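Undergrad:
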Amino acid sequence: MTYDIKGKTAIVTGSARGIGKCICSDLLKKGANVVVSDTAEDVGNETTAEFQKEFGESRVVFIRCNVTKEEDLQNLYSKAIATFGYVDIVVNNAGILNEENWKLMMEINVTGLIRSCQLALDNMSTKNKGKGGVVVNLASVAGLMAGEGSKVYHASKHAVYGYTRSQYLTQGTDNVRFNCVCPFLVDTALAQDWDNSNRTFLTSDLIEKLKAHMLKTEDIAEAVIFLIEDESNAGKAYLVTPFQKWDYYEQPSVLPF
Ligand SMILES: NC(=O)C1=CN([C@@H]2O[C@H](COP(=O)(O)OP(=O)(O)OC[C@H]3O[C@@H](n4cnc5c(N)ncnc54)[C@H](O)[C@@H]3O)[C@@H](O)[C@H]2O)C=CC1
Ligand SMILES: CCCCC/C=C\C=C\C(=O)C/C=C\C/C=C\CCCC(=O)O
Numbered sequence: 003m004t005y006d007i008k009g010k011t012a013i014v015t016g017s018a019r020g021i022g023k024c025i026c027s028d029l030l031k032k033g034a035n036v037v038v039s040d041t042a043e044d045v046g047n048e049t050t051a052e053f054q055k056e057f058g059e060s061r062v063v064f065i066r067c068n069v070t071k072e073e074d075l076q077n078l079y080s081k082a083i084a085t086f087g088y089v090d091i092v093v094n095n096a097g098i099l100n101e102e103n104w105k106l107m108m109e110i111n112v113t114g115l116i117r118s119c120q121l122a123l124d125n126m127s128t129k130n131k132g133k134g135g136v137v138v139n140l141a142s143v144a145g146l147m148a149g150e151g152s153k154v155y156h157a158s159k160h161a162v163y164g165y166t167r168s169q170y171l172t173q174g175t176d177n178v179r180f181n182c183v184c185p186f187l188v189d190t191a192l193a194q195d196w197d198n199s200n201r202t203f204l205t206s207d208l209i210e211k212l213k214a215h216m217l218k219t220e221d222i223a224e225a226v227i228f229l230i231e232d233e234s235n236a237g238k239a240y241l242v243t244p245f246q247k248w249d250y251y252e253q254p255s256v257l258p259f
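Count along the sequence shown from 1, add 2, and you get the number used in this note's numbering.
#1: For G135, report the span of its alpha helix (DSSP H) as first-last.
#2: Let me know the secondary structure DSSP gives F57 once reduced to three states.
#3: R66 by DSSP, collapsed to three states: which one?
#4: CB-CB under 6 Å to T166, same chain, minus the five flanking residues each way: which ones, in chain order?
#5: Work out the CA separation of Q120 and S234 for me, nearest whole Å.
#6: Hey, is the region 151 to 169 in contact with the region 216 to 234, meaning 3+ C-beta pairs nearer than 8 Å?
#7: Count the other CB atoms within 10 Å of the CB of D176; is the residue buried (16 or more) or exposed (fewer)?
#8: Whole alpha helix (DSSP H) runs in the region 69 to 128 with 4 or more residues, listed along the chain?
#9: Go to L241, then tell me how far its beta strand (DSSP E) extends in each direction, as first and last residue.
#10: For T205, which of helix, strand or coil comes out of DSSP?
#11: S17 and N95 - do their beta-carbons sit closer together than 8 Å?
#12: Please return the same chain residues whose Cβ sits closer than 7 Å to the Cβ of T243, not counting the five positions on each side in sequence.
#13: From the DSSP output, read off the bridge partner residues of R167.
#14: Can you tell me whether T205 is buried or exposed? The criterion is at least 16 other CB atoms within 10 Å of its CB, across all chains shown.
#15: Among V37, G132, G174, which has the Cα closest to the Cα of G237?
#16: Taking the alpha carbon of M108 as the point to measure from, which residue in H160, G132, G134, V62 has its own alpha carbon closest?
#17: With a threshold of 16 other CB atoms inside 10 Å of the CB of G9, please say whether the residue is buried or exposed.
#18: Could you check the C-alpha separation between K211 and G87 for me, to the nearest Å?
#19: Can you check DSSP and say which residues form a bridge with T172?
#20: Between which residues of its own chain and C26 is the CB-CB distance below 6 Å, once the five residues before and five after are set aside?
#21: Within 7 Å: the Cβ of A268 and any heavy atom of ligand 1?
In structure tokens form, the structure reads like this:
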């Protein structure tokens, strides 16, 4: 079954640049109204102005939001609803890779994302008189594998994966569908700025080989649109790598039934 994006309203966190920006662009092309949201106000306003020029002023707004701040997140949802009437789609994309400031990384990648999901449920769940909706979370292949130099980043993405899958168990009563996307390396500032020196497992030769296979932001936007439209695979992670056909990641059950 295919979910129709046209005429829906979407919030994308951390969308001033990079993957989030590209997701906004594809949502606009599909006919959604879009809330661009980020801590970076200048870049966010530039991105929004660019989109308004291309897609019409009334279809895009910028709302500043630091996902680590409760009041910012509440303001994001209430302003989005005040502007467009309802929120149907949320893409929790904001994320950093910073092992030195690992507590902040956990606040952004995990706590902020979970709080946004809770607000999405507060506003969209049919249990709360909402109309239902779709949430796509940005995990990573780092959420499915070990990492030598970025152990906390990997832990944060495992958390996104586990939280997203767990939402499936209550989807029947909330009518809010959760999925996450698990991309391999994508050519953005986050990946370019990563310090990958002093590795034993990932030698510099191997890193160069992997870097030659970076995905493009357009690939991840395409995968996110696919997940929003696919109503039949709630709760699943979607693996996007340049090495195999993109597909849902099937995790074996540990229960005996
Ligand atoms: N680039 C890559 O190789 C991969 C990235 N990802 C994930 O994709 C997501 C987007 O990453 P990229 O576009 O690559 O990074 P990016 O660094 O290009 O963009 C991230 C955006 O998030 C914003 N941001 C940072 N802290 C924030 C906060 N506290 N509140 C709101 N916004 C905040 C930044 O200002 C920036 O605009 C992240 O969750 C990342 O972990 C997943 C797999 C691979
Ligand atoms: C090959 C260079 C890896 C650079 C990693 C930069 C950004 C990664 C973002 C992700 O979300 C993960 C994407 C791909 C993971 C590939 C290798 C991870 C190994 C990490 C480690 O050992 O520290």
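In this text, a Cβ means the ideal position worked out from N, Cα and C, and glycines have one as well.
Just so we're clear, the structure is a prediction, and the values are computed from it rather than from any experiment.
TA: On the basis of the coordinates in this document:
#1: From DSSP, G135 is part of no alpha helix (DSSP H) but of the beta strand (DSSP E) over 135 to 140.
#2: helix
#3: strand
#4: N139, F180, C182
#5: 22 Å
#6: no
#7: buried
#8: 72 to 86, 104 to 108, 115 to 126
#9: 239 to 242
#10: Coil at T205, not helix or strand.
#11: Between N95 and S17, the gap from beta carbon to beta carbon is short of 8 Å.
#12: V143, F186
#13: Paired residues: none, contrary to the question.
#14: Counting every other CB atom within 10 Å of its CB across the protein chains shown gives T205 a total below 16, marking it as exposed.
#15: G174
#16: H160
#17: exposed
#18: 48 Å
#19: Paired residue(s): none; T172 is not in a bridge.
#20: V14, S17, V36, V38
#21: Here the chain covers residues 3 to 259 and nothing more, so residue 268 does not appear.
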